[in-house]
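Step one of this worksheet: look at the structure below.
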Amino acid sequence: MQIIKDKKITEDNWQFVADDQDIPQTGDITVSVSRWLNDKDSLTRRGGQTGLRIRSTDTLEDIAGDLAGMPLVELDIAMFGDGRSFSQAWLLRNRYHYRGEIRAVGNYLIDQIFYLHRTGVDAFQLDESRKPEDALAALNDFSVAYQPSVN
Amino acid sequence: MYQYTQDDQTLIDERVAQFRGQTERFLKGELDGDQFRALRLMNGLYIQTHAPMLRVAGPYGLLSSRQLRKLAEIARKYDKGYCHFTTRQNIQYNWPKLEEVPDILAELAEVQMHAIQTSGNCMRNTTTDPLSGVCKDEIEDPRPYCEIIRQWTTLHPEFAFLPRKFKIAVSGALHDRAATQFHDIGLHLVKNDAGEVGFKVFVGGGLGRTPVIGQVIRPFLEKKHLLSYLEAIVRIYNLFGRRDNKYKARIKILVKEEGLEKITELVKQEWQLNKDSLELSDERIESIKAQFAPPAYETNAGLDGSFNDRLQDNPAFATWVQQNTADHRVPGYRAAFISLKAPDAPPGDITDTQLDLVADLADRFSFGEVRSTHRQNLVLTDVKQTDLFTLWQELDAAKLATPNIGSATDIICCPGLDFCSLANAGSIGITREINQALDDLDYLHDLGDIKINISGCMNGCAHQSVGHIGILGVDKKGEEWYQITLGGSSENEAAIGDRLGPAVAKDQITRAVQDILDVYIKQRQEDESFLHTVKRVGITPFKEQVYANH
Ligand code: HEM
Ligand code: SF4
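Protein chains in written order, with the numbering used here: chain A, 1 to 151; chain B, 1 to 550.
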């Protein structure tokens, strides 16, 4: 599957494993915050890498201590009007000094990519309404900015 | 006034290009209605009963003559030859075509204007006192801070999708002319005991369905912390504001439900962690201040005696000066209000020819600038008193000199049933009726300071809940009825009006207003204002009179 990462179109094999599905022993996966908190030990012992999928209603403090080695955090935007994910991205970078990948997934608009990128999101899941070329172009919607953020 | 840098210009040009693309995608069916809605609202574009409505930003109400001419041109070219000034110092067009909106935005960008964040769930146009920089009771000119806030809020990447809209108002004077206590954040420039000027910060005020008076979240904030503190408040709101119910999504509800103490604490914690990274330097404040330096006033403008002669000779002129002009801190100058409340015109509306005239008058008499006011009028803030007579004559010929500023016919009124799909009842027609009933100028001026606000439904666009007399359109079995409140105020002694009693029918509402005014005349003591009389005697005498007759 193609995603945008670090402003490039990139092949990607991460899988999200829903709470009612079994955890595969290999391969790179993300899981929900609650599953992570319950099964942290077994998740870190499995073959592939494990990342987190954070919903806008999740509390970052719950996973703050686990961010250091985390390879991927997905911000799950259930509704494009839910702007909490933007603050979550900012907090992950500025408050929790998370340096791994932050990927926007879910129901966001191409028109939000510029803002998401500024708040610290560096990877974007694509779909029919978010074509790779358009998503790349959206990163450059504006060439100037008034206020500091992450980027 | 503030002049755009190359970066400012680039940003609004890029915004026009972005919106053009979005409009094309919508027209091609690539964006659905909901998606386009969120995007167009961020550019001030609503879809209304008859046509789209475009709200253009008037940054803290300040406009140049060149900008006014552009507004006139747009009214001619893309609309029906007029536009409308709102209570938040913005400009609205009621009849643009959706396909043409990108072109309108491109024309606006030519004169450093835009419609960015004039609606939608984001930080809106920052408003202020229209007499900033010229009034006598000023602690410091708030406009430089408004501009700093304008820049910080514009396309803020983290706060473009808040739970609900978010409005900031700044006042720099002792008298609050910007309704700051009814904003999500209100800022007052104040002096502390050490003589330093900073901000008193109010949070959680708002009107609409649930009017709430803002509360002080920080009595004194140093200027250098302005942006970091605002950022802390908005971040807490973005993270914790309710998103489950749009009627409970404003920060006023968050503050109410969680309590001021808890919100204050959360904001403080957030701010402590962030304040050093977003400090405003003195140099930056000074460089923005320099853009609002006073114009080149004449030092002996007060010496010319012809002004007094004119006042003696011409009672109509004297009445206008008395009612529609305000003191200026520089001797020999006055601020001259331009009334957009002529008896037969919808409040706040202005035609293209009137706009062009105001632009010319601004060039001739007021250093090329004009301001819009919270009560939907305009003001030329820097007129030499010797120029007032000519100014008055020209305004009068264009129906812009109705001597009613601050009086009972200076009504704030929403579009109501005539234009708005949400309306329960008409408001423009009621305004016209009240105007007809109060056409005796001596009576009107004798009544003094009376603020009547009329909204066509409980969304309260015309701030009826803070009108001295508030009128609210309600629907009773498909008929237009009106609920009356008394004693509201959006000024220093902020108050929400008390309901007088059951709603009255459409053909009774003007009579009811007249009854209320009669009771005031009977009850007032010497120079007592309407508001103070209502406070002193309570609503009962008014109630008895209004309902006795019906
Ligand atoms: C013509 C169609 C209009 C529609 C459909 C409309 C709709 C609304 C709605 C739904 C609200 C409530 C929002 C809320 O409580 O969060 C609102 C608030 C407001 N409207 Fe309008 N409006 C219209 C025109 C205007 C005009 C012409 C003005 C200016 C005079 C105006 C000024 C305001 C203000 C100042 C508020 C907010 C008060 C507050 O909550 O702080 N509106 N409008
Ligand atoms: S108060 Fe109601 S009727 Fe009036 S403009 Fe607002 S939404 Fe429409």
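Don't be surprised by glycine CBs; every beta carbon is placed ideally from N, CA and C.
DSSP places A/N13 outside both helix and strand once states are collapsed to three, so it counts as coil. In the three-state scheme derived from DSSP, where H, G and I count as helix and E and B as strand, B/D276 is classed as helix.
DSSP, read as helix, strand or coil, puts A/Y98 in coil. Residue-level contact check: A/A145 touches chain B, since one or more beta carbons of chain B fall below 8 Å from its beta carbon. In this structure, B/A503 has its CB at a distance of at least 7 Å from all heavy atoms of the ligand SF4. The alpha-carbon of B/E544 is positioned some 15 Å away from that of B/I509. Annotation: Cβ neighbours of A/D141 in chain B (cutoff 7 Å, chain order): E14, Q18.
Contact check for B/V101 and B/L54: beta-carbon distance about 6 Å, within the 8 Å limit, so the pair qualifies.
DSSP, read as helix, strand or coil, puts B/P315 in helix.
Relative to the Cα of B/P403, the nearest Cα in the group B/I338, B/G206, B/D363 belongs to B/I338.
Around A/Y98, the same chain offers L67, L92 as residues with beta carbons nearer than 6 Å, after the five sequence neighbours per side are excluded. 8 Å or more divides the Cβ of B/W271 from the Cβ of B/A318. Secondary structure note for B/D327: its beta strand (DSSP E) is the uninterrupted segment 325 to 327. For B/E394, the enclosing alpha helix (DSSP H) starts and ends at 388 to 397. The Cβ atoms of B/V134 and B/A335 lie closer than 8 Å to each other. Distances from the CA of B/G305 to each of B/A423, B/T386, B/K136 were compared; the closest alpha carbon is that of B/T386. Contact of B/L27 with chain A is not assigned, every C-beta pair being separated by 8 Å or more.
A straight-line Cα-Cα distance of about 13 Å links B/I434 and B/L441. Contact between the segment 121 to 130 of chain A and the segment 105 to 125 of chain B is absent: fewer than 3 CB-CB pairs across the two stretches fall below 8 Å.
Bounds of the alpha helix (DSSP H) holding B/Q67 are 65 to 78. Closer than 8 Å to the CB of B/W392 there is not a single CB belonging to chain A. In the three-state scheme derived from DSSP, where H, G and I count as helix and E and B as strand, B/E526 is classed as coil. Excluding residues up to 5 positions away in sequence, C122 lie with their Cβ nearer than 6 Å to the Cβ of B/A160 in the same chain. The three-state secondary structure of A/V144, taken from DSSP, is coil. The Cβ of B/W481 sits no closer than 8 Å to any Cβ of chain A. B/I338 is bridged by DSSP to B/L378.
Between the alpha carbons of A/F142 and A/Y108 lies a gap of roughly 18 Å.
Contact note: A/F80 reaches chain B through Q35, A38, F161, using a C-beta cutoff of 8 Å and chain order. Separation of B/R511 and B/Q112 (C-alpha to C-alpha, rounded to the nearest whole angstrom) is 46 Å. For the ligand SF4, no non-hydrogen atom lies closer than 7 Å to the CB of A/A123. Straight-line spacing of the CA atoms in B/P295 and B/F367 works out to 7 Å.
When secondary structure is reduced to three states using DSSP, B/F365 falls in the helix class. The beta carbon of B/C83 sits no closer than 7 Å to any heavy atom of the ligand SF4.
With a threshold of 8 Å between beta carbons, A/D111 makes contact with chain B. Closer than 9 Å at the C-beta level to chain A, one finds these residues of the segment 134 to 167 of chain B: R150, Q151, W152, T153, T154, L155, H156, P157, E158, F159, A160, F161, L162, P163. Contact residues of the segment 101 to 126 of chain A toward chain B are L109, D111, Y115, R118, T119 (C-beta to C-beta distance below 7 Å).
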